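Take a look at the structure below.
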Amino acid sequence: MRGLSMKRIFLFGFLFFVSNVFAVIYTPADVAEFRKAAARGDAEAQCELGVCYEYGFGVQEDLKQAVVWYRKAAEQGYAEAQLYLAHCYYKGIGVQKDLKQAVVWYRKAAEQGEKEAQYNLGLCYYNGFGVQKDLKQAVHWYRKAAEQNEVDALCNLGNCYYNGHGVQKNPEKAVFWYRKGIEQRYPRAQCNLGICYHNGEGVEKDLKQAVYWYREAAEQGYADAQFYLGFCYAYGYGVEKDLKQAVVWYHKAAKQGHAKAREALKRVSVLR
């Protein structure tokens, strides 16, 4: 369930916990209340009615109706609905996939300070999705979102500094942004900091620290980190060489479809 204000959580629906995050399932009675308010032009209610239709909360799932209500709220300038409508265009949910329209609505929400929209607009500029590729604009929007602690943006901005994409290469700044992501226990940021320690970029080379951060991310199920941790065990980088442990971690990554881990398993079987 997408983010909801605590006020709305306690006013409507059944409250429950998912991974220590508040979430809510709306009931048919809640949907009826949203519908009344939406008919009066209440943008927030229109948006929540769209959520109900998208996820089948208190009403039969109907993706086209979700788009209808997101659009009504979005056209009133409601940033959350603009974000959701953009997602629908980006993924082809209830509407034909249209990356240009996704960018239009991400931009409207981003300009209102919606951090997830800022991140997604940066992603579109980075990859040239629905807009001409522009790495400087990607960095601009990643930074906007990162300054609001949007975790994917923190990591992607770090990557831009690490690789010199859209900004002058600066591994120290990459490490700064990765550490911001680590404050939220984000596994991709943990893994990337491990890479920095492994290569001695932005920090002094420290293979034990590399292993530490790979493990932190790997234990959260992050496939890249599982592969790198297996690699460290296979060759004794920052940890005592242990082919059995290498196989364990390569296998975990391979089960998630990690191609390099699958190849590594073949090599380790020969070494054993």
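If you're matching positions, the sequence shown starts at 33 in the numbering used here and goes up one per residue.
The beta-carbon is built from N, C-alpha and C at its ideal position, and this holds for glycine as well.
Just so it is clear, the structure is predicted and the values come from calculations on it, not from any experiment.
- Taking the CA atoms as reference points, R294 sits about 41 Å from Y85.
- A residue is called buried when at least 16 other Cβ atoms come within 10 angstroms of its Cβ; K168 does not meet this threshold and is exposed.
- DSSP places G213 inside the alpha helix (DSSP H), whose first and last residues are 203-214.
- Non-local beta-carbon contacts of D256 in its own chain, meaning distances under 6 Å to residues more than five positions away in sequence, involve C223 in chain order.
- Distance between E80 and C187, taken at the CA atoms: about 30 Å.
- I227 carries a helical assignment under DSSP once its states are collapsed to helix, strand and coil.
- With a 10 Å radius around the Cβ and a threshold of 16 neighbouring Cβ atoms, A291 comes out exposed.
- The beta carbon of Y138 lies closer than 6 Å to those of A118, A149, N152, L153 in the same chain, with the five residues before and after it left out.
- Fully contained in the region 58-116 are the following alpha helix (DSSP H) runs of length 4 or more, in chain order: 60-71, 75-87, 95-106.
- Put simply, the backbone Cα of A69 is about 40 Å away from that of L189.
- Counting along the chain, E148 sits inside the alpha helix (DSSP H) bounded by residues 147-159.
- In this structure, V135 is the residue among E204, P203, V135, K212 with its C-alpha nearest to the C-alpha of A170.
- In this model, F263 and R299 are separated by some 11 Å (Cα to Cα).
- For R217, the secondary structure class from DSSP, reduced to helix, strand or coil, is coil.
- Take the alpha-carbon of Q216 and the one of Q288: they are about 23 Å apart.
- Looking from the CA of G232, the closest CA among V207, L275, K176 belongs to V207.
- Assignment of D184 by DSSP, reduced to helix, strand and coil, places it in the helix class.
- With respect to the C-alpha of Q144, the residue from D130, E112, K165, L131 having the closest C-alpha is E112.
- When the alpha-carbon of G88 is set against those of Q108, D62, R72, D74, the nearest one is in D62.
- Just so you know, the alpha carbons of Q97 and L131 end up roughly 20 Å apart.
- Only residues of its own chain outside the window of five on either side were considered, and among them A134 have a CB closer than 6 Å to the CB of Y122, listed in chain order.
- Around the CB of Q258, 16 or more other CB atoms lie within 10 Å, so the residue is classed as buried.
- Residue range 255-267 is occupied by the alpha helix (DSSP H) that includes G262.
- Note on K104: 16 or more other CB atoms within 10 angstroms of its CB, so buried under the neighbour-count rule.
- V280 and A142 have their C-alpha atoms roughly 43 Å apart.
- From the listed residues Y254, A278, G196, E182, the smallest Cα separation to Y158 is found for G196.
- Between L275 and A266, the C-beta spacing is below 8 Å.
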